[in-house]
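Structure, rendered in structure tokens:
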């Protein structure tokens, strides 16, 4: 059994590849909720939805977020009314947020609401939020801290990043499914998907109980680098690394995760990074990491699984 | 200056006719909110929206409610998720509910939110809720009381009606614009639109402060009958009258309003009712009341205004 920790698009792609190989009982995808926010009275969970839509085969691959065959009548009408229209919500996507919010208001946990939504969309594999407790990512900038979606969507990642804060993480505990999977004797490996180390995986690692569980693991933990040829495949990871003085490379990713890693999968094009990373005691697999289609996703998932199953947990 | 008290479709049509004749400052349309309800976390105000969309020229005339050129992607997606889909919300219409709810949650009154929404849609004439206080109509049936929208939409008006309750009406006061208009020395007449006397006008009259203001008026009050040839033009008015033992006729409507009326406009086809109503001291105008298009709406509005301006307030 495999636990995959995932953010949005890149995480969703690898999760999709893993789901093609592993049976539903043999995979848990635990998803960042630091990006979640309340907007227009709705609980919006962008990363959970990216993973859910992808595993359901309903995602829009061109746009990179939301549902395929989406329409925007609601947003057009909201703009006409002078409403807050900086965060685009498709007509079909909106139903997810409304139904999730209804379930949360009715007393369900985010785990329960997520399971119900995913089941309704026909997702067989297990998707869980990283936590049922609220964790909210703040992006620190010279002009002050910004709620993540204001930085990410409203300001299009333009402000310079000086750091991050994960509000609520100190009190948050891993979601029941994640805690159970990490304690399951059948667990074979933990995979950090090719997601942003700061704002996708970072909020998870900021939970002391998750950090403790990862430190106490008996199985290997491998990351898949989201950096390819000195750039991020998608999103602000490379920009953040540069602004924070982290080398924009897979070696920089390995350094960011530090002693947590037993291994890392980097792109074959970045083979020059291998020696430096291995010198730090981390095993490296250089393989094609760009996922352009389902074939790439499956191939990378197979490479990651083979790699993870072939290495040992480093001595803590 | 004219105050029109309106429910949904029939009220919206006459209000539209009045708005063609009267300047924005010379008309206040005060709208039933007893049909309002909380649904999917949203404050839905069906009658306010019917009047607002009609005055904005955006209503769907064929369907009879909601916006023209509407789409239903949200509802389709919500149904797929197993959400509550018995109350249809169009993609564009949904923006109205979301923006109204946002404004209410931010602390605006329903009057303020309504004025902002109507202005954004280009409505020049004033639309106000009957009250900023919550009033909720319950429909009493042999099987118990039903919230109005459950009776009206979910159960398609099928249960037999034994009475009504207007929760909150005893504590509700007229909205500021309505109270001010009724006290305005420029007020010429009050018009009860051709709306359901029980569930559109009834919730208004159930507010003691409004009933008192109407009783203290110095100007004539005229109703327009929603019954034509023994049937309601739209909606459950005739069915309710029959179940409550009220004659299904314009005479029955006049009897229902009782001493409140100075005059009533009934359809020319129901001229046989004139003598009976006038015997009760209520003046009658028999005129075409069916509003099939904007020309009918304007013609009826002109007839109603001419009639109202030509009669006196009965001695209280």
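Protein chains in written order, with our numbering: chain G, 115 to 430; chain Z, 115 to 430. Just so you know, even glycine gets a beta-carbon here, dropped at the ideal spot from N, CA and C. Quick caveat, the model's predicted, so the values are computed rather than measured.
Worksheet item: residue 272 of chain Z versus chain G: which residues are under 7 Å apart at the beta carbon?
Response: As a position in the second chain, residue 272 of chain Z is number 158, starting the count at 1. Correct list: empty, because the minimum Cβ distance to chain G is about 26 Å.
Discussion item. Contact criterion: CB-CB distance below 8 Å. Does residue 192 of chain Z meet it with respect to chain G?
Written reply: What you label residue 192 of chain Z is simply residue 78 of the second chain in a count that begins at 1. Look at residue 192 of chain Z: its C-beta is under 8 Å from a C-beta on chain G.
Item to complete: Taking only the alpha-carbon atoms, compute the straight-line gap between residue 416 of chain Z and residue 389 of chain Z and give it to the nearest angstrom.
Response: Within the second chain, numbered from 1, the residue matching residue 416 of chain Z stands at position 302. Within the second chain, numbered from 1, the residue matching residue 389 of chain Z stands at position 275. About 23 Å.
Discussion item. Can you pull the chain G neighbours of residue 255 of chain Z, defined as C-beta to C-beta under 7 Å?
Written reply: What you label residue 255 of chain Z is simply residue 141 of the second chain in a count that begins at 1. Under the 7 Å cutoff, chain G gives no residues; its nearest Cβ is about 27 Å from residue 255 of chain Z.
Discussion item. Which runs of the beta strand (DSSP E) at least 3 residues long sit entirely within the region 164 to 252 of chain G? Give them in chain order.
Written reply: 240 to 243
Discussion item. Using only the alpha-carbon positions, how far apart do residue 341 of chain G and residue 310 of chain G sit?
Written reply: Locating residue 341 of chain G in the first chain gives position 227, where the first residue counts as 1. Locating residue 310 of chain G in the first chain gives position 196, where the first residue counts as 1. Roughly 9 Å between the two C-alpha positions.
Worksheet item: When Cβ atoms are compared, which residues of the region 173 to 188 of chain G fall closer than 7 Å to chain Z?
Response: 185, 187 and 188
Worksheet item: Which residues of chain G have a Cβ atom closer than 8 Å to the Cβ of residue 234 of chain Z, listed in chain order?
Response: Locating residue 234 of chain Z in the second chain gives position 120, where the first residue counts as 1. What residue 234 of chain Z touches in chain G: 194, 195 and 196.
Item to complete: Taking all protein chains shown into account, decide if residue 253 of chain Z is buried (16 or more other Cβ within 10 angstroms of its Cβ) or exposed.
Response: Taking the second chain and counting its residues from 1, the one referred to as residue 253 of chain Z is at position 139. Classification of residue 253 of chain Z: buried, given that the 10 Å Cβ count is 16 or more.
Fill in: Element boundaries [beta strand (DSSP E), containing residue 158 of chain G]
Here residue 158 of chain G refers to the residue found at position 44 of the first chain. Start and end: 156 to 158.
Worksheet item: Leaving out the 5 sequence neighbours to the left and right, which residues in its chain are closer than 8 Å to residue 128 of chain Z when beta-carbon positions are compared?
Response: Counting from one through the second chain, the residue named residue 128 of chain Z turns up at place 14. If we look at residue 128 of chain Z and ignore the five residues flanking it on each side, its Cβ neighbours are 118, 120, 305, 307, 308, 338, 405, 411, 414, 415 and 418.
Worksheet item: Is it true that the region 311 to 319 of chain Z meets the region 136 to 149 of chain Z, where meeting means three or more beta-carbon pairs spaced less than 8 Å apart?
Response: With the cut-off at 8 Å, the region 311 to 319 of chain Z and the region 136 to 149 of chain Z touch.
Fill in: Continuous alpha helix (DSSP H) stretch holding residue 397 of chain G: start and end
Walking along the first chain from the start, residue 397 of chain G turns up at place 283. Note, residue 397 of chain G: premise wrong, no alpha helix (DSSP H); beta strand (DSSP E) at 397 to 401.
Item to complete: Give, in chain order, every unbroken run of the beta strand (DSSP E) that is at least 3 residues long and sits entirely within the region 339 to 408 of chain Z.
Response: 377 to 381 and 397 to 401
Worksheet item: For residue 209 of chain Z, which residues in chain G fall below 7 Å Cβ to Cβ?
Response: Taking the second chain and counting its residues from 1, one reaches residue 209 of chain Z at position 95. Those are 188, 191, 192, 195 and 197, listed as they occur along chain G.
Worksheet item: Taking Cβ-Cβ distances shorter than 9 Å, what residues in chain Z pair up with residue 222 of chain G?
Response: The residue you call residue 222 of chain G lines up with position 108 of the first chain. Under the 9 Å cutoff, chain Z gives no residues; its nearest Cβ is about 13 Å from residue 222 of chain G.
Item to complete: Can you say whether residue 423 of chain Z is buried or exposed, counting buried as having 16 or more other CB atoms within 10 angstroms of its CB?
Response: The residue you call residue 423 of chain Z lines up with position 309 of the second chain. Exposed, because fewer than 16 other Cβ atoms sit within 10 Å of the Cβ of residue 423 of chain Z.
Worksheet item: DSSP beta-bridge partners for residue 264 of chain G?
Response: The sequence position of residue 264 of chain G within the first chain is 150, counting from 1. For residue 264 of chain G, which the question treats as bridged, DSSP gives no partner whatsoever.
Worksheet item: Do we get a CB-CB distance below 8 Å when we pair residue 443 of chain Z with the residues of chain G?
Response: The shown model of chain Z, from 115 to 430, leaves out residue 443 of chain Z, and the question about it has no answer.
Worksheet item: Given that a residue counts as buried once 16 or more other Cβ atoms are within 10 Å of its Cβ, and exposed if not, what is residue 349 of chain G?
Response: Counted from its first residue, the first chain places residue 349 of chain G at position 235. By the neighbour-count rule (16 or more Cβ atoms within 10 Å), residue 349 of chain G is buried.
Worksheet item: Going straight from the alpha carbon of residue 377 of chain Z to that of residue 352 of chain Z, what length do you get?
Response: Here residue 377 of chain Z corresponds to residue number 263 of the second chain, with the count starting at 1. Here residue 352 of chain Z corresponds to residue number 238 of the second chain, with the count starting at 1. For residue 377 of chain Z and residue 352 of chain Z, the distance between alpha carbons rounds to 21 Å.
Practice prompt. Determine which residues share a DSSP beta bridge with residue 152 of chain G and list them.
Written response: Position 38 of the first chain, counting from 1, holds the residue named residue 152 of chain G. G:157, per the DSSP bridge assignment.
Worksheet item: Which two residues bound the contiguous beta strand (DSSP E) that contains residue 136 of chain Z?
Response: Start at 1 with the first residue of the second chain, and residue 136 of chain Z comes out as number 22. Careful: residue 136 of chain Z lies outside any beta strand (DSSP E) and carries neither H nor E.
Worksheet entry | Among G:335, G:384, G:155 and G:286, nearest to residue 219 of chain Z - alpha-carbon criterion | Translated into the one-based positions of the second chain, residue 219 of chain Z becomes position 105. Checked all of G:335, G:384, G:155 and G:286; the closest Cα to residue 219 of chain Z is G:155.
Discussion item. In the DSSP assignment, the beta strand (DSSP E) including residue 306 of chain Z goes from what residue to what residue?
Written reply: On the second chain, position 192 is the one that residue 306 of chain Z refers to. Start and end: 303 to 306.
Practice prompt. For residue 216 of chain G, count neighbouring Cβ atoms within 10 angstroms of its own Cβ and tell me buried if that reaches 16, exposed if not.
Written response: Against the first chain, residue 216 of chain G aligns to sequence position 102. That one is buried.
Worksheet item: Can you tell me the Cα-Cα spacing of residue 330 of chain G and residue 179 of chain G, whole angstroms?
Response: Position 216 of the first chain holds residue 330 of chain G. Position 65 of the first chain holds residue 179 of chain G. If I take the Cα positions, the gap works out to 35 Å.
Fill in: Bounding residues of the beta strand (DSSP E) (the contiguous stretch that carries residue 277 of chain Z)
Stepping through the second chain from its first residue, residue 277 of chain Z is reached at position 163. Taken as a continuous stretch (DSSP letters only), the beta strand (DSSP E) holding residue 277 of chain Z covers 277 to 281.
Fill in: Within chain Z, the residues that residue 231 of chain G reaches when beta carbons sit closer than 8 Å
Indexing the first chain from 1 puts residue 231 of chain G at position 117. Correct list: 195.
Worksheet item: Touching or not, the region 157 to 171 of chain G and the region 270 to 289 of chain G, by the rule of three or more beta carbon pairs under 8 Å?
Response: no
Worksheet item: Which residues of chain C have a Cβ atom closer than 9 Å to the Cβ of residue 216 of chain G, listed in chain order?
Response: Protein chains in the displayed structure are G and Z, and chain C is not among them.
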